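Residue 76 in the working numbering sits at position 76 of the sequence shown; the count goes up by one each step and never skips.
All C-beta atoms in this analysis are idealised placements derived from N, C-alpha and C, irrespective of residue type, glycine included.
Just so it is clear, the structure is predicted and the values come from calculations on it, not from any experiment.
To start, the structure under review is shown below, and the notes come after it.
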Amino acid sequence: MYDSVSEGAAPVNDASSAHETVRVAVVGHVDHGKSTLVGRLLHDTGSLTEGKAAALEGLSKKRGMELEWAFLTDALQAERDQGITIDVAQAILQRPGRRIVLLDAPGHREFLKNMITGAAQADAAILVVDAAEGVRDQTRRHATLLSLLGVKQVAVFVNKIDLIGYDQALFETLEGEIRALLQGLGVVAKTIAPVSARHGDNIADGSDNLGWWAGPSVLEALDSFQSAKPAHHRPARLLVQDVYKFDERRIIAGRLVSGRLNVGDALVFAPSGVSATIKSFERWNAPSVDHAIAGESIGIQLDEQIFVKRGDVGGLISTAPVASQKLRVRVFWLGDEALSVGKRLKIKVGSGEAQGVVEKIERAYDTAGLEARNGLSIPRHDAGDVVLALASPIAADAHDVEPAIGRVVLVDGFTIAGGGVILEALRTKVELPVPTARLRATRFGHRGAVVWLTGLSGAGKSTVAEAAEKRLFASGINVVRLDGDVLRAGLNKDLGFSAEDRAEALRRTTAVAKILMESGLVVLVPMIAPYAADRASARATVGDGFHEVYVSADVATCESRDPKGLYAKARAGNLPGFTGISAPYEAPTHPELTIDTTTYDQNAAADQLTTYIVNQVTGAMSDGAGI
1 MYDSVSEGAA PVNDASSAHE TVRVAVVGHV DHGKSTLVGR LLHDTGSLTE
51 GKAAALEGLS KKRGMELEWA FLTDALQAER DQGITIDVAQ AILQRPGRRI
101 VLLDAPGHRE FLKNMITGAA QADAAILVVD AAEGVRDQTR RHATLLSLLG
151 VKQVAVFVNK IDLIGYDQAL FETLEGEIRA LLQGLGVVAK TIAPVSARHG
201 DNIADGSDNL GWWAGPSVLE ALDSFQSAKP AHHRPARLLV QDVYKFDERR
251 IIAGRLVSGR LNVGDALVFA PSGVSATIKS FERWNAPSVD HAIAGESIGI
301 QLDEQIFVKR GDVGGLISTA PVASQKLRVR VFWLGDEALS VGKRLKIKVG
351 SGEAQGVVEK IERAYDTAGL EARNGLSIPR HDAGDVVLAL ASPIAADAHD
401 VEPAIGRVVL VDGFTIAGGG VILEALRTKV ELPVPTARLR ATRFGHRGAV
451 VWLTGLSGAG KSTVAEAAEK RLFASGINVV RLDGDVLRAG LNKDLGFSAE
501 DRAEALRRTT AVAKILMESG LVVLVPMIAP YAADRASARA TVGDGFHEVY
551 VSADVATCES RDPKGLYAKA RAGNLPGFTG ISAPYEAPTH PELTIDTTTY
601 DQNAAADQLT TYIVNQVTGA MSDGAGI
């Protein structure tokens, strides 16, 4: 692909990469003056490198021609020899705060496939029509292609207005014909304007020859185009272009076509179905950032190495991208043979591709006559609505939902054979990852845990747990407290205080705590659990997320507090099996944390517990269910 940035257009400084980029396809019938218009525009806006205009003049003179502006973009020798554009030439026009990329697409019928390549990349389009020749077959086909590819922003320039003597009435007659053509295709032109590319009339400035024209010039029309990048509030879609390895880092490179991503976001990729969390954004020779927004080309490093490949589309787990193995597509067909049911093709969507077959042809129509017809095939240079069945899933969406993954290119062997827009992605949802502890931790900002506070009645377990709960909740931790009295009134209402009933109460409480922990919560359990074997059983049930906290105070201290008068009742023989009096308490030998409340300071004890929990649930990730 020819890029006039290196072949004569003024270079774009590095800062432009942070500005808006608008890609504009320039299309039209062969020899209607597309390349001349682009060349003249580059000249009249001062976008050529020093000496390029002189070199162009010398080349034209050498060939015995007047100054030929089209040579600026017709880079291929074959194009210069034949006077037609074969490839898609690219020129960059730098404007304040933005850059406009002009894609000069071929007009000759035999090179329509190259035009598809250009238009499929475009945010907007310019359609060039010869004032003397008017609307031709290729004009109709190019307009149809713009419609099929979903290009919404279109400006039409009636070129060579000098050949009809700058006649306003003739222009208005042709304008009506063009407008009728576009309306029949559902395309609304932002402007239909008269120009003379060769003489510079209405290109970058107005013209004395067009005193009757009060509309925009080519440059003004270009300035009115907007990039098609989606709004930032739309679901994030990262199109993966490649994966690079630097030292031990794997950098996923791609373009964020919609939404916003932040460090710490959990991503899921379609169709691969794998997920991980954004660890950092990587930028070459530039300051680091903690987010990216729609329209940016970015590199990301994930918190774990997962298999992601070119063609995958990443998105947030909450609005995950989907993949499909069946697409309804409106296509423009360019293959040597008519497109028929059973035809095998390679289907490209965004950076992804998959093998597929034409399952059904729903409708066909002649792009020259714009007549719809039923048929079992679509002839060369005609269009139609087809259903494509894919051998493997591909991330895709309807064009009106997400243009970046809503256009298709059809490849037959090694040849581009057609293109169009996705009308409907008959979706097979990528299986979302099971919300594991890791994914819940990413969502909540911390892991789940069961923090079991054991100790004698009156040691301060419930008081410390309640105070810590308030502190944890205020700091953003999703926390819940399983109060023993509440459990005794409900879940454990049928149980007494025998060793067997205590074990059953602990079993039930543990089961509930584990469920809550696996849902991502920090669960505080202030419960005596006097027997070491029962607490060991709870630890075994919960797993890595279990933390034993010993709230330590001797019997005398606890009895002196006796907020509920329980010790007095136990001493009087009214509470048989009371822990510490008539039943044993087996103190932990190796708890994760000990809080001594003998000399009681509620705030200090709550702070100690809170600090410990925060450090544990927000520290380095483990593969266990909890902490």
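Exposed unless 16 or more other CB atoms sit within 10 angstroms - verdict on residue i
{"i": "D385", "result": "buried"}
{"i": "H590", "result": "exposed"}
{"i": "D31", "result": "buried"}
{"i": "E362", "result": "exposed"}
{"i": "W212", "result": "exposed"}
{"i": "L376", "result": "exposed"}
{"i": "V341", "result": "exposed"}
{"i": "Q153", "result": "buried"}
{"i": "S196", "result": "buried"}
{"i": "E304", "result": "exposed"}
{"i": "S582", "result": "exposed"}
{"i": "R507", "result": "exposed"}
{"i": "A533", "result": "exposed"}
Presumed contact (8 Å Cβ cut-off) between residue i and residue j, rounded CB distance
{"i": "V257", "j": "R237", "result": "5 Å"}
{"i": "T598", "j": "T557", "result": "5 Å"}
{"i": "I347", "j": "L410", "result": "6 Å"}
{"i": "L210", "j": "D201", "result": "6 Å"}
{"i": "T610", "j": "A468", "result": "5 Å"}
{"i": "S475", "j": "V614", "result": "7 Å"}
Cα-Cα separation, residue i to residue j
{"i": "G356", "j": "D242", "result": "23 Å"}
{"i": "T144", "j": "F225", "result": "20 Å"}
{"i": "V26", "j": "I300", "result": "34 Å"}
{"i": "V329", "j": "K343", "result": "14 Å"}
{"i": "E424", "j": "D44", "result": "44 Å"}
{"i": "L487", "j": "L521", "result": "18 Å"}
{"i": "G295", "j": "G259", "result": "9 Å"}
{"i": "D167", "j": "G215", "result": "16 Å"}
{"i": "E337", "j": "I416", "result": "13 Å"}
{"i": "V523", "j": "V551", "result": "16 Å"}
{"i": "K34", "j": "A354", "result": "34 Å"}
{"i": "S560", "j": "T442", "result": "45 Å"}
{"i": "T618", "j": "S498", "result": "39 Å"}
{"i": "I405", "j": "I422", "result": "9 Å"}
{"i": "A459", "j": "L439", "result": "37 Å"}
{"i": "D554", "j": "G484", "result": "21 Å"}
{"i": "D596", "j": "A395", "result": "58 Å"}
{"i": "D607", "j": "I317", "result": "35 Å"}
{"i": "A587", "j": "D501", "result": "20 Å"}
{"i": "V450", "j": "F578", "result": "25 Å"}
{"i": "V101", "j": "V158", "result": "21 Å"}
{"i": "V512", "j": "R571", "result": "33 Å"}
{"i": "V128", "j": "A364", "result": "26 Å"}
As assigned by DSSP and simplified to three states, the class of residue i
{"i": "G352", "result": "strand"}
{"i": "I477", "result": "coil"}
{"i": "H446", "result": "coil"}
{"i": "D385", "result": "strand"}
{"i": "S596", "result": "What sits at residue 596 in the sequence shown is Asp, not Ser. D596: strand per DSSP, three-state reduction."}
{"i": "S498", "result": "coil"}
{"i": "K564", "result": "coil"}
{"i": "T277", "result": "strand"}
{"i": "V542", "result": "helix"}
{"i": "R508", "result": "helix"}
{"i": "N114", "result": "Confidence at N114 is low in this model, with a pLDDT of 46, below 50, so its placement is unreliable and the value that follows should be read with caution. Here N114 sits in helix by DSSP."}
{"i": "N262", "result": "strand"}
{"i": "Q305", "result": "coil"}
{"i": "E424", "result": "strand"}
{"i": "I164", "result": "helix"}
{"i": "A124", "result": "strand"}
{"i": "Y244", "result": "strand"}
Contact check, residue i vs residue j, beta carbons under 8 Å
{"i": "V397", "j": "W333", "result": "Note on residue identity: the sequence assigns Asp, not Val, to residue 397. Going by C-beta atoms, D397 is not nearer than 8 Å to W333."}
{"i": "L42", "j": "V218", "result": "no"}
{"i": "T173", "j": "R99", "result": "no"}
{"i": "A189", "j": "V156", "result": "yes"}
{"i": "F269", "j": "V322", "result": "no"}
{"i": "I92", "j": "A132", "result": "no"}
{"i": "V525", "j": "L453", "result": "yes"}
{"i": "F444", "j": "N492", "result": "no"}
{"i": "T277", "j": "L302", "result": "yes"}
{"i": "L495", "j": "E504", "result": "yes"}
{"i": "S275", "j": "F281", "result": "no"}
{"i": "S519", "j": "G448", "result": "yes"}
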